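Each position in the sequence shown, counted from 1, maps to that position plus 59 in this note's numbering.
Only one structure is covered here, and it is reproduced in the block below.
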Amino acid sequence: MAVGIWCHWRFKNRKLISMASKIPGPPVVPLFGNALMFMAKPEEMISIIEKILQDYAGTLKFWLGPDLNIIVSNPEDIKTLLTSPKTSKKGPQYKYMADILGGGILSGSETIMGLSKDESVVIPHLQEIIDVSPSMYKIIFERMTKWYLQIDPVFWLTESYRTQRRFIKIISDFGQYVIDARRSRLAAMNIDKRLLHSKEEKTTDLSIIDRFILSEELSTVELINEIMTLFTASQEASGKICSYLLLMLAYHPQYQEKLYSEINKVIGDETRAVTENDFKQMPYLDMVYKEVVRLFPIGAMIQRTVREDIEISTCTLPKGSSLVIPIYHIQRDKRFWVNPNDFDPERFSPENSRLRHPCCYIPFSLGPMDCLGRYFGTKLIKTIAVKVIQEYSLTSLSSYKDLRLAIRISVFSLNGYPVILTPRKESTT
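This is the structure:
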């Protein structure tokens, strides 16, 4: 029977297999493909991917069981692929993220949930969600890379499954609280729904969640999914990037002092909100931020479903395969970057930026499916950085060379973020 299923699969996918044979890649194991090579610890994944990229430069294939994946690292090909409607659907491995977060979009807003500070403090399970979120990324990544955990009955027997079930329950309670709070507030505001489709709507104090509720286009379950993806984008991603930014400045005092000088020049000792105009006068802050997300992208790699055959410089990606863009490795590739693993904000000076292809730097992906959270997240992270650097000098007992990284969807620091904050001014109290 197994032989019959295998023969049927090969016949059904004969075109895919034929086109795949023209693309180089590591040798496969029957039934498993290359899945066994990815059964490793998260901290080993970086070197595994780096090795296959070195062995098969440019474009290569690997099989996860019956699923064909094609890694592309040429910047011009990446531009072609990510801006094409033929790759505008997330890849199959995102299923394991959707199991937890639903099918929501990752986006941001300056009001996000629309909750007041008092309402936010009493959100049920808020601290537990913050504490458990990192372990959920580990579970998702393990399911993406360990073939046996993709067999649902096997996964159901694990402690990870019980952790996931608990997490889904608490985020459902979390989301329902937000929905109920905003519905009550909207009822008191007596909002005219017609404003959702008019220019006047932009002047009203509506959050993204408010707009979803008023549109009545989403079910309660879909609303909860959107709330969780909004929360994840604003809390988990922004928090991680901000932590790396402060850590890099602690490791590199020369860059920290240069940024402090710029902040002091624009804002001085004022304790006021940081404005858009302030950011425009802080080019070095932007360079530091870009260098941080180059080294530590929030999505280490992305996967897209190839919906139609699409030709690139080296081959044709067949319909039914998955495109994989190894963002972490491209942004540390010595073909595009001098001393690629060093932290050097000067890479993003206007002069240096002009010397490289723009698509070797894609921390937020590219094209119609790029990360909308970049707009909110960038402002948030820069604001936190300004406020912290304005008040504190950053140091660390460890050094940059001690930093150990792993891939768990995003780039994860195994050392944590050991930053010491020392007030720049002596307390007067």
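Every residue, glycine too, gets a C-beta built ideally from N, C-alpha and C.
Note that the coordinates shown come from a computational prediction; the quantities given were computed from them, not determined experimentally.
- Collapsing the DSSP output to three states places Y476 in coil.
- Between L354 and the set I130, I107 and Y420, the nearest pair of CA atoms involves Y420.
- One Cα belongs to F226, the other to I283, and the distance between them is close to 13 Å.
- With a minimum length of 3 residues, the unbroken runs of beta strand (DSSP E) contained wholly in the stretch 69-156 fall at 118-123 and 126-131.
- Taking a cut-off of 8 Å on C-beta distances, the stretch 347-361 touches the stretch 402-412, as three or more cross pairs fall below it.
- Secondary structure remark: continuous alpha helix (DSSP H) runs of at least 4 residues inside the stretch 386-436, in chain order: 386-389 and 409-412.
- Nearest in C-alpha terms to D392, of all of S372, M248 and P134, is P134.
- Contact holds between the stretch 191-208 and the stretch 454-471, because three or more Cβ pairs, one in each stretch, are under 8 Å apart.
- Within the stretch 299-362, no run of beta strand (DSSP E) reaches 3 residues while sitting entirely inside it.
- Secondary structure of S381 (DSSP, three-state): strand.
- P193 carries a helical assignment under DSSP once its states are collapsed to helix, strand and coil.
- With a 10 Å radius around the Cβ and a threshold of 16 neighbouring Cβ atoms, S455 comes out buried.
- Taking the Cβ atoms as the reference, E285 lies roughly 7 Å from L277, within the contact range of under 8 Å.
- Burial of P377 is indicated by the presence of at least 16 other C-beta atoms within 10 angstroms of its C-beta.
- In this structure, the beta-carbon distance from M341 to I322 falls below 8 Å.
- When the alpha-carbon of I130 is set against those of L112, R221, G124 and K138, the nearest one is in L112.
- Contact between I188 and I230 holds: their C-beta atoms lie close to 6 Å from each other, under 8 Å.
- In the three-state DSSP reduction, P212 falls in the helix class (H, G or I).
- In the DSSP assignment, T217 falls outside any alpha helix (DSSP H), carrying neither H nor E.
- If you draw a straight line from the Cα of S77 to the Cα of K138, it is about 25 Å long.
- Within the same chain, L305, L453 and L480 come within 8 Å of V447 by CB-CB distance, once the 5 residues on both sides are set aside.
- The distance from the Cβ of E109 to that of L473 is about 17 Å, inconsistent with a contact at the 8 Å cut-off.
- DSSP, reduced to helix, strand and coil, places E285 within a helical segment of the structure shown.
- Boundaries of the alpha helix (DSSP H) harbouring L273: I267 to S274, taken from the DSSP string.
- In the structure shown, L245 falls within a helical segment according to DSSP collapsed to helix, strand and coil.
- Comparing alpha carbon positions, the residue from K317, I326 and R366 closest to Y343 is K317.
- Counting the other CB atoms within 10 Å of its CB gives L216 a total below 16, which places it among the exposed residues.
- Cβ-Cβ distances below 8 Å link T222 to V191, S194, M195 and I198 in the same chain, with the five nearest sequence neighbours on each side left out; the list follows chain order.
- For E370 and S132, the gap between their C-alpha atoms comes out near 15 Å.
- DSSP places T375 in the strand class (E or B) of the three-state scheme.
- Taking all protein chains in view, the Cβ of V280 is surrounded by fewer than 16 other Cβ atoms within 10 Å, so the residue is classified as exposed.
- Here T364 is near P151, since their CB atoms are less than 8 Å apart.
- If you ignore the 5 residues before and after L141, its C-beta comes within less than 6 Å of the C-beta of L425 and G426, all in its own chain and listed in chain order.
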